[in-house]
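Written below as structure tokens is the structure these notes are about.
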Amino acid sequence: MRVGFIGLGSQGAPMARRIVTAGFETTLWARRPATLAPFEGTPARTAGSPAELAAASDLVCLCVVDDGDVEQVAERVLAGLRPGGIIAVHSTVHPDTCRRLAERAGARGVAVLDAPVSGGGRAAEEGTLLVMVGGDPEAYAACRPVFAAHGDPVAHLGPVGSGQLAKLLNNLLFTAQLGLAADTLALGGRLGLDRDGLGRILPRGSSASFALERVVDAGGTLDRIAAHAGGLLAKDVRLLTEAAGTAGAGAARDAARAALAAMGL
């Protein structure tokens, strides 16, 4: 499979690098030419436009910032992608954005998979990103070897939009757990416990979680986390609340909102 990759940021670049290293014929395009420099001397090719990249690809992976970027770049990709081609959206966006794109692409014989990822740049470098996929099962089966170059596990969760819902649920729960972890550490301090000692003990017990570790690493409060990732977490909790509609999100949503409020968001 020939792969095109757009979005060579801190997460997209190592994803693309692993695809190249895995031996897939890869074409890259970037708005900022500087992001292409690390790929000099590799087998990866570069294209002059998204349409040119699409014309040389069977699968085009998008790892751009937000809904507007996804829609804008995807339209330019569709101008060059042949019928039978596939677009994979690795960005975290509203499920409806992917559904609308799938409708437009389907009219041109192109399939769309929403395949957001979780784990960050380090996981991408190590090939251990969590890849959550929604869309046509046959398109997923065709693309899975590409996703496996940078992801483990890789899971198909249902029709288009399902991957985004899974990613938003992941971030909803993570946000809620951040708030609970910070509250628990603060309670320990009020009860007279040494907070540094508590921060060493709890992550090794049955209360262990990735969120607890992040709060401990941040000094036991949400301040540093809010400055670094608060805006993105607030965006994802909002998107999940909108997407859930009447299904609601129960206690997890309420805990996540409380955590965001504690961050001043």
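Residue numbers (numbering that gives the first Met the number 0): 0 to 264.
Heads up, the beta-carbon is just placed ideally off N, CA and C, and yes, glycines get one too.
Where does the unbroken alpha helix (DSSP H) through residue i begin, and where does it stop?
{"i": "T174", "result": "161-189"}
{"i": "G196", "result": "194-200"}
{"i": "D235", "result": "222-243"}
{"i": "C142", "result": "136-146"}
{"i": "C97", "result": "94-105"}
{"i": "A87", "result": "Premise fails: A87 lies in the beta strand (DSSP E), 85-88, not in any alpha helix (DSSP H)."}
{"i": "L264", "result": "Neither: L264 is in no alpha helix (DSSP H) and is coded neither H nor E."}
Which class does residue i belong to by DSSP, given the choice of helix, strand or coil?
{"i": "L80", "result": "coil"}
{"i": "G8", "result": "coil"}
{"i": "T127", "result": "coil"}
{"i": "L113", "result": "Note that residue 113 is Asp in the sequence shown, not Leu. Correct three-state label for D113: strand."}
{"i": "T20", "result": "helix"}
{"i": "L52", "result": "helix"}
{"i": "L27", "result": "strand"}
{"i": "L58", "result": "strand"}
{"i": "R44", "result": "strand"}
{"i": "G249", "result": "helix"}
{"i": "G133", "result": "strand"}
{"i": "G3", "result": "strand"}
{"i": "G108", "result": "coil"}
{"i": "A207", "result": "coil"}
{"i": "A217", "result": "coil"}
{"i": "G118", "result": "coil"}
What span of residues does the beta strand (DSSP E) with residue i cover, start to end?
{"i": "T34", "result": "Neither: T34 is in no beta strand (DSSP E) and is coded neither H nor E."}
{"i": "P152", "result": "150-157"}
{"i": "V64", "result": "Element bounds for V64: n/a, residue is neither H nor E."}
Leaving out five residues on either side along the sequence, give the residues of the same chain with a beta carbon under 6 Å from the beta carbon of residue i.
{"i": "L221", "result": "A181, A261, M262"}
{"i": "D235", "result": "L167, N170"}
{"i": "R213", "result": "none"}
{"i": "G229", "result": "M262, L264"}
{"i": "P94", "result": "G160, Q163, L164, A242"}
{"i": "A110", "result": "I85, D135, A138"}
Quick one: what's got a C-beta closer than 7 Å to residue i's C-beta in the same chain, skipping five residues either side?
{"i": "D151", "result": "G126, T127"}
{"i": "G162", "result": "D113, A114, P115, M131, V132, G133, L156"}
{"i": "V145", "result": "M0, V2, I18, F23, L58"}
Hey, out of the options, whose CA is closest to residue i's CA?
{"i": "E124", "options": "G191, L27, L232, A147", "result": "A147"}
{"i": "D57", "options": "Q176, L80, A73", "result": "L80"}
{"i": "Q176", "options": "L197, V111, A254, R189", "result": "A254"}
{"i": "H227", "options": "A87, L259, T26, R75", "result": "L259"}
{"i": "S208", "options": "A185, T174, V153", "result": "T174"}
Tell me which residues share the same chain as residue i and place their Cβ nearer than 8 Å to its Cβ, disregarding the 5 neighbours each side in the sequence.
{"i": "A78", "result": "P49, A50, A53"}
Exercise. Any chance the region 161-172 sits against the region 26-36, with 3 or more Cβ pairs inside 8 Å?
Worked result: no
Problem set entry | Sufficient close CB pairs (3 or more, under 8 Å) joining the region 112-126 to the region 5-15 | yes
Problem set entry | Stretch pair the region 58-68 + the region 40-47: three plus CB contacts closer than 8 Å | no
Exercise. Okay, do the region 196-210 and the region 127-145 touch, 3+ Cβ pairs below 8 Å being the bar?
Worked result: no
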